[in-house]
Each structure stands twice: as C-alpha cells, then as structure tokens.
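Notes follow the structure.
Numbering (our numbering), first residue to last: 201 to 532.
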C-alpha cells in the first residue's frame, strides 16, 4: 500500500496523499474474459502510458534536486550517489520520491490551486505524477496487468478514453473532499479500468461461460482494493471517483455485438439480425451516458463554487480513512 505520511517543511507541512494501485489485477483480467472477437489489437497505448509516467517521475526527481534543496531538518537525502536524482529523507517521504513542493510545482492536485487560483489543469496533470518510486512501480505493474489485456480486447481508443476520463473523474471527486493535502497518482485511472471490467461483464453477461466465477473474482479484487483505501494518507476518493466513472464508461464503450450478428455472414442471403446489440445493452448505454454527464457536471459545478463535499455527506470521511488505535484521521 503506497502512502506518504512525512511532513514537508519546505511546503509548510502539507502532506502528500498517494493513490494506491489496485492489487492482484492480473487475476481478474485472466478469469473474466471468455469471448474472442474477430479483431485482436496490439497493445501500444498502455506501454506508452507506462513510459510517460516513468519519464515524468524522472523529470520530477531532476527538478527536485534533493542535495541542493533539502534543508536537512528531516534528515539526509537517500541514495546520495544518484546526485540530484537522490530521494528526499525517509521521514519526509518513505516512498522514495520528491518533496511535496516539487509535486505541487509540477501539477499535483491541491484544492486551493484548483478552485481559488483557477488551475483546473491540475485535475489532469496529477494523474501522471507519483509520490515515490515505490508508488510508481506499484501503479505501473497494475497498469500493465490490467491495461494491456483490455487494450488487446477493445483497442487503444476505448481503453485510452476510459483511462483518461476515469483519472479525471477521480481527481474531481478527490478535490471535492480533500482540501489540505496534495494528491498524486494514476490509481484513479486504474480503478476506472477495474470499474469498466465489471460493467463489461454485466453488459456482455450472456456471452460468458463462467459467469459466477468471473463476477466473484472481480468483485473480491475491487472490494479488497477499495477497503485498503481507508488507510491514512491514501486518497480513496480518487479511487472511488475513478471506479464509478470507469464503471459507467464500460457500459458506454465496451458492449460486444450479439454473437449471431458477428456470424451473420454465414446466414442465408436476406436473413439478418435486426440489431447489433441487445435491448438491455442499449438501455444500459443510455442510462450510463446520462448518469456520467450529470454526475461530472454536478461535481464540477460544486467544485468550482467552492463547496465542500463533506457538507453534503457527513459520513463520507469514513470512505477514505477509518480511525483506529494505530492512527488518526484528522489530517487526511
């Protein structure tokens, strides 16, 4: 679980809130798909996303330049032999990464900058930033396991849209509730891919041969990962927002044609199916599109009006952190 609890003295004590990656995603992707389409795409977009995330992290470490900028109150830079690429002290960032001030400078998600300073672009840039090398590696492994299989099945356009829009949706929900922390990470987008896998299973339910096992496996993985998000310093709102966005997008972008429609070239001349999709797929498509547009529109209006999500949902703080004898949630 990737989280960051160290205080960054350079940034006035603001903490980074990391977005933890979905775990064991390979299990869900290998067990839930049981339908072969005629088209099998080569995955190139997901590897490009991985390369882009790694490149952004390298740039962040170059800009961070711990030996020059670390004031030493939290300890010495880690791995100093890396020069300006060395990591912040472990007390400040146990994930082996840059400081909060560097993440803020490069586009980390922060309520004040988004709402009061009108820097809405942070809702997108934060998806490409990571709090540390541990956070980055965990997210990229999850992206490879989830994304490559989905891209091979559905192509780069649909999976790219789901990834980016889900990341944006996760950022919007996160900013509605989290005001004092900087949030970074791709896991909102990754949870969107998990959500899309679940809705894809529902909308293409009739073509699966092992429905129950696929559904149970995927639900267990989703529940476990969302439950891990209640640990402190993990941005579970980004996970939930990304998941809900991806879930709706799955109904819109991932329905499969009826098997008979694909095989209609073998039917006698003049015999054709009336519809490419089944009636319930059209219904789910329309409802999901309306809910997605309405949900994002309402959330954005609330966000830029400066409204606090907790004013409308007093118990929602339990979705991102549950206090125990081991930790408190006052600053999450």
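Backbone N, C-alpha and C fix where the C-beta goes; we use that ideal spot for every residue, glycine too.
Within 10 angstroms of the Cβ of residue i, are there 16 or more other Cβ atoms? Answer buried if so, exposed if not.
i           : result
residue 522 : exposed
residue 388 : buried
residue 475 : exposed
residue 282 : exposed
residue 232 : Any reading at residue 232 must be qualified, since the residue scores a pLDDT of 41, below 50, and its modelled position is unreliable; no value is offered.
residue 524 : exposed
residue 297 : buried
residue 406 : exposed
residue 412 : exposed
Measure the Cβ-Cβ separation of residue i and residue j and say whether it is below 8 Å.
i           : j           : result
residue 217 : residue 434 : yes
residue 386 : residue 293 : no
residue 447 : residue 509 : no
residue 391 : residue 222 : yes
residue 439 : residue 429 : yes
residue 431 : residue 382 : no
residue 341 : residue 256 : no
residue 272 : residue 295 : no
residue 497 : residue 445 : no
residue 363 : residue 249 : yes
residue 458 : residue 482 : no
Among the residues of its own chain, which have a CB less than 8 Å from the CB of residue i, if the five just before and after it don't count?
i           : result
residue 305 : 263
residue 376 : 437, 499, 502, 503, 507, 508, 509
residue 241 : 351, 352, 353, 354, 355, 356
residue 284 : 261, 262, 264, 265, 266, 267, 268
residue 322 : 307, 308, 309, 310, 313, 314, 371
residue 487 : 451
residue 379 : 311, 312, 508
residue 515 : none
Whole angstroms is fine: what's the gap from residue i's alpha carbon to residue j's?
i           : j           : result
residue 243 : residue 300 : 34 Å
residue 414 : residue 485 : 22 Å
residue 517 : residue 424 : 18 Å
residue 259 : residue 346 : 26 Å
residue 529 : residue 344 : 32 Å
residue 361 : residue 277 : 39 Å
residue 403 : residue 454 : 8 Å
residue 245 : residue 289 : 35 Å
residue 441 : residue 219 : 12 Å
residue 247 : residue 334 : 19 Å
residue 359 : residue 456 : 14 Å
residue 327 : residue 270 : 25 Å
residue 317 : residue 384 : 18 Å
Sorted by chain position, which residues of the same chain lie with C-beta nearer than 7 Å to residue i's C-beta, five sequence neighbours on each side aside?
i           : result
residue 302 : 260, 263, 264
Mind reading off the beta-carbon distance from residue i to residue j? Whole number of angstroms is fine, and I expect it under 8 Å.
i           : j           : result
residue 398 : residue 373 : About 18 Å separates the two Cβ atoms, so there is no contact after all.
Which residues in the same chain as residue i place their Cβ atom closer than 6 Å to its Cβ, once the five residues preceding and following it in sequence are excluded?
i           : result
residue 492 : 448
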